[in-house]
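Let me begin by presenting the structure, written as structure tokens, before commenting on it.
Encoded structure:
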């Protein structure tokens, strides 16, 4: 027989008050602090949630932000599940056409796939990469998205493209407002390294660098948290976005056939149901002749984990209504946020904790 | 147009070293500390993961324990999806018979449903409750489970029963070793309060008190984290158990028809896939004449989120093999634990952090 491992609180504090509790290593999230500055600390919030000994507001640190009132309560989202070819110019033209069609069908928000301007391979990333801080010809994919957002007066979450920045490459999602300006830029933070012998081996980290920030953006269609593909595998990121007040999480993603069939729908529905918000994903269309065969099945999921719309695996434009009133409805029916146990677990949002913002 | 909310680290520390960072309120997890003792602190680990600037080992605090070598690499688990009647003695006899049948079919671990000795209602909980610290007639359900485990030499995760402790009632799962001794006791920590007008309204908190601890138990068939029903809705608990080295999470649960169809399979598969371990659930069989109609569909899920076996909604005993070698296989194929971003998010296990144990 084995012993019980139930962990009970110690009656003695491990540290007395006054001792430093956490030093963040320089070179990671506080790179700009001069060497002579005392090491910064994670400041854990000291407030105790009113009305519950279980401290639900402590289950995320800092305490969760209230859900902001969105600029629109209902709007149409488009998921443009594009075919990707080796011809970059053709990919850009095809994307431009799809965005225009989506806007014509009433979409106020258009979501594109992960890596829509380039075949999905480590060999191709450097060839198709753009310096999005450059102008004109240096970043034709980026420029097209900005122009399309402005001329069609829609918000665009531009899927992702390989981004070149100095000698580094990133898998980057750009978000454009209705005036065509860049609202936010998410560099994939969890790179996709997988090795399932006989099925799929892929190591993004061979060519790409991971981003250093979670990205949440206030747009004309609500507060949107961004993840790219493998980012969806990590529930912590979605919890973090929900605590920052997201209405919608958007994940451009190119799952493959193996992980797609098992995990693609599951991950989206779980992130939506766990956090009681909307999740939208957009994949490239499937090309069985490509070196990397994408799963397709771009999807919109509601805050009860319900699939609202899903594409097949071929090229498609899904246009569907998002009704944000469902968020409050689900949260009032099953008040998960009031039921969390901050006395048992706490999800620390490291950057928000150390930031003066938000 | 709205503004970007990407949060970047501040260059200035909010606190200088030497200040206390978190005071835990007395009366919750450090109740026994005298009032004159300085307030205890959460001690965040200072070690930086070797080999990655992304600090994957910091994504859970304290750092995750290595997966222990389980006492068996393969074994059979039984999910006893029992019908529950208003007759407590009959429920106990029926459960005893099912456990014996499961053991006869080779099961080394038997999992029972949530609230298997009583109809599922607030009115019934106090009537059917047992003082499991009593003996003999005071706790016939508890005594039967202990006796069955000992005489059949199996591990039993005894679903749950209403437990009376002083003037409080809990929804409690008892885990028995092969010698019949109590290895661990989990009191449901997230009570099920739900209000979906026209479909279901139920407030466990009207009669029950929530437990104060997560519960993980070393057994002859591996390290097992326990949750009861609504506990499965909280991804933090499953992450916490995975970081404590769980091979298997067991959730006795009585989802209803509304949440069952949407969420039951989803939650199990998500907890398994996110944490790359096994998840087993056990529901009462469905009784459409009962005041609370359970969903059924007791399930075993593997570490890729794959459903290995699932009952329908009628009384059934599922006996299926658990192969722990799949855990390492999945974790080596997709090394989520090495890909987590401790520089961006950290899940704090409050009790483990403050405990001298584990």
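Residue numbers (full-length UniProt numbering), protein chains in the order written: chain A, 1 to 358; chain B, 1 to 358. Backbone N, C-alpha and C fix where the C-beta goes; we use that ideal spot for every residue, glycine too.
Contact between the stretch 181 to 190 of chain B and the stretch 66 to 83 of chain B is absent: fewer than three C-beta pairs spanning the two stretches fall below 8 Å. Excluding its 5 nearest sequence neighbours in each direction, residue 150/A has C-beta neighbours in its own chain below 7 Å: 179 and 180, listed in chain order.
If you ignore the 5 residues before and after residue 305/A, its C-beta comes within less than 6 Å of the C-beta of 269, 272 and 273, all in its own chain and listed in chain order. Fewer than three Cβ pairs drawn from the stretch 92 to 108 of chain B and the stretch 123 to 133 of chain B lie within less than 8 Å of each other, which leaves the two stretches out of contact. Taking C-beta separations shorter than 7 Å and ignoring five residues to either side along the sequence, the partners of residue 107/B in its chain run 76, 77, 78, 154 and 319, following chain order.
For residue 195/A, the chain B residues whose C-beta falls within less than 7 Å of its own C-beta are 333, listed in chain order.
The beta carbon of residue 280/B sits no closer than 8 Å to any beta carbon of chain A. A check of alpha carbon separations from residue 56/B across 354/B, 339/B, 350/B and 349/B identifies 339/B as the nearest. One alpha carbon belongs to residue 142/B, the other to residue 349/B, and they sit about 30 Å apart.
In the DSSP assignment, residue 147/B falls within the alpha helix (DSSP H) that extends over 140 to 152.
Within the stretch 128 to 162 of chain B, contact with chain A at the beta-carbon level (separation under 7 Å) is assigned to no residue.
Secondary structure at residue 355/A: coil, using DSSP grouped into helix, strand and coil. The Cβ atoms of residue 331/A and residue 337/A lie closer than 8 Å to each other.
Annotation: the continuous beta strand (DSSP E) that includes residue 252/B extends over 248 to 252.
Between residue 108/B and chain A, the shortest Cβ-Cβ separation is not below 8 Å. Cβ contact annotation for residue 212/B (same chain, cutoff 6 Å, sequence separation greater than five): none. Per DSSP, reduced to three states, the secondary structure at residue 184/B is strand. For residue 96/B, not one C-beta of chain A is nearer than 8 Å to its own C-beta. DSSP, read as helix, strand or coil, puts residue 195/B in strand. Below the 7 Å Cβ cutoff, chain A contributes no neighbours of residue 312/B, its closest Cβ being approximately 21 Å away. Boundaries of the beta strand (DSSP E) harbouring residue 225/A: 222 to 226, taken from the DSSP string. Note on geometry: alpha-carbon atoms of residue 352/B and residue 81/A lie some 45 Å from one another. Annotation for residue 258/B: 196, 199 and 200 place their beta carbon closer than 8 Å to its own, counting only its chain and skipping 5 residues before and after. Collapsing the DSSP output to three states places residue 269/B in a helix.
Remark: C-beta atoms of residue 326/B and residue 303/B approach each other more closely than 8 Å.
In this structure, residue 190/A places its C-beta atom within 8 Å of the C-beta atom of residue 233/A.
Bridge pairing for residue 111/B: 79/B and 157/B [DSSP]. One alpha carbon belongs to residue 175/B, the other to residue 123/B, and they sit about 26 Å apart. For residue 168/A, the enclosing beta strand (DSSP E) covers residues 168 to 176. The beta-carbon separation of residue 252/A and residue 112/A, rounded to 6 Å, stays under the 8 Å limit for a contact. Between residue 262/A and the set 293/B, 166/B and 307/B, the nearest pair of CA atoms involves 307/B. For residue 308/B, none of the residues of chain A pass the 8 Å Cβ criterion, the least Cβ distance being about 13 Å. With respect to the 8 Å criterion, residue 208/B and residue 169/B are classified as neighbours on the basis of their beta carbons. CA-CA distance, residue 313/B to residue 286/B, rounds to 5 Å. Residue 57/A does not reach chain B, its nearest Cβ partner there being about 12 Å away, counting only Cβ pairs nearer than 8 Å. Annotation: residue 345/B is outside any alpha helix (DSSP H); the continuous beta strand (DSSP E) that includes it extends over 345 to 349.
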